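Asks: Just so it is clear: in the sequence shown, position 99 is 197 by our numbering, and no numbers are missing. My structure is below; once you've seen it, I'll send some questions.
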Amino acid sequence: MTRDRRNARILEIFYILAAVTSIIAVVLYGPVLSEQWQMAVANGSKTKVLIGGLNDLSLIVTAVGTAIMLFPYVRHWNEHLALGYLCFRFMEAVFIAIGLVSILGLLQLSSFYDTPSLASKTNVEPIGLLMQSIYQWTAMLGPNLMLGINTSLYSYLLYRTGYVPKPLAMFGMITAVMVFLAGLLQMFGIIGPYSAAKGLLALPVGVYEMSLAVWLIVKGFHGENLAKLRAKTASSSLVNESNVL
99 MTRDRRNARI
109 LEIFYILAAV
119 TSIIAVVLYG
129 PVLSEQWQMA
139 VANGSKTKVL
149 IGGLNDLSLI
159 VTAVGTAIML
169 FPYVRHWNEH
179 LALGYLCFRF
189 MEAVFIAIGL
199 VSILGLLQLS
209 SFYDTPSLAS
219 KTNVEPIGLL
229 MQSIYQWTAM
239 LGPNLMLGIN
249 TSLYSYLLYR
259 TGYVPKPLAM
269 FGMITAVMVF
279 LAGLLQMFGI
289 IGPYSAAKGL
299 LALPVGVYEM
309 SLAVWLIVKG
319 FHGENLAKLR
329 AKTASSSLVN
339 ESNVL
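Laid out in structure tokens, this is it:
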């Protein structure tokens, strides 16, 4: 059980780091996401944006880390749903990575904007707007839609396994629907990407992840339920092997 307690703590440290780095990245990306993105490098914001990029890179690592650490536990209830969670969490990380590339592209364009080698500044403007749009779409598809799906899956699995209190897992499922709805409303232009309504819908999932982090760091997985599910999985494996033989 010592190993399981350690894994639970590592998992929730990943959740905390993911939440913190995602917020820092969005804040530091301001210069290249504004209307004056062309002047980001000239205004001395290059290092700031690059630090934001490092935070996004950390977010990718921690997001994948949460999936890797949680999968071996939730698969005991339903391996198909657990695999679904794993895949959608990886997809979230892929969208974040695409968004990071677009940010770095904007930074590169900004560094060329005031150089004599740039043939035409008017040709750069549409490219910059395109990259900003790519970032906004990936931010919606990844940390909203994909996050909503994978959060609903692992929260349901936590509810069924009983690793954490059922009210906490139910709260997770509710917040998953809310963040998914925020992504849908943004997709159809009903709310803006940085609007108060978007923040109110997306914030609860962050509260849930922090609450889950605190619970698992302090309490860990419910040991008795984990032992029962492991025994059930082992028994099923033996039955399957005997059927094959």
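Ideal Cβ positions, reconstructed from N, Cα and C, are used throughout, including at glycine. Model, not experiment: these values are computed from the prediction.
Taking the alpha-carbon positions, what's the V262 to L202 distance?
Replies: When rounded, the distance between both Cα atoms is 40 Å.
Asks: Step through the CB atoms of chain B and report whether any lies within less than 8 Å of the CB of T273.
Replies: Of the protein chains in this structure there is only one, and it is not chain B.
Asks: Please report how far the alpha carbon of Y127 lies from the alpha carbon of L204, in whole angstroms.
Replies: Answer to the nearest angstrom: the Cα atoms are 10 Å apart.
Asks: Check whether the Cβ atoms of D154 and G318 sit closer than 8 Å, and answer yes or no.
Replies: No, Cβ-Cβ distance for D154 and G318 is not below 8 Å.
Asks: In angstroms with no decimal places, state the Cα-to-Cα distance between E339 and L282.
Replies: Residue confidence for E339 is low, a pLDDT of 49 falling below 50, so the modelled location carries little weight and cannot support an answer.
Asks: Quick check: what's the CA-CA separation for I111 versus G142?
Replies: Roughly 33 Å separates the two Cα atoms.
Asks: With a CB to CB cut of under 7 Å and the five nearest residues on each side skipped, what residues in its chain are close to N248?
Replies: Around N248: Y183, F186, R187 and E190.
Asks: Excluding five sequence neighbours on each side, which residues of the same chain lie with their C-beta closer than 8 Å to the C-beta of Q284?
Replies: The answer, listed in chain order, is M238, N242, G290, P291 and K296.
Asks: Could you tell me if V139 is buried or exposed, where buried requires 16 or more neighbouring beta carbons within 10 angstroms of its beta carbon?
Replies: With 16 or more Cβ atoms within 10 Å of its Cβ, V139 is classed as buried.
Asks: What would DSSP say about A112, mapped onto helix, strand or coil?
Replies: Sequence inspection shows Phe at residue 112; the Ala mentioned does not correspond to that position. Helix.
Asks: Identify whether E339 lies in helix, strand or coil by the three-state DSSP scheme.
Replies: With a pLDDT of 49 at E339, under the threshold of 50, the modelled position of that residue is not reliable, and the figure given next carries that caveat. It is helical.
Asks: For the alpha helix (DSSP H) that M189 lies in, which residues bound it at each end?
Replies: Looking at the DSSP string, the run of the alpha helix (DSSP H) that includes M189 is E177 to Y211.
Asks: How would you call V316, buried or exposed, if buried means at least 16 neighbouring beta carbons within 10 angstroms?
Replies: It counts as exposed.
Asks: Contact defined as beta carbons within less than 8 Å: I believe V312 pairs with M276. What is the distance between those atoms, to the nearest angstrom?
Replies: In fact, because the Cβ distance is near 20 Å, the residues do not count as touching under 8 Å.
Asks: Please report the distance separating the alpha-carbon of A294 from that of G151.
Replies: Rounded to whole angstroms, A294 to G151 spans 25 Å at the Cα level.
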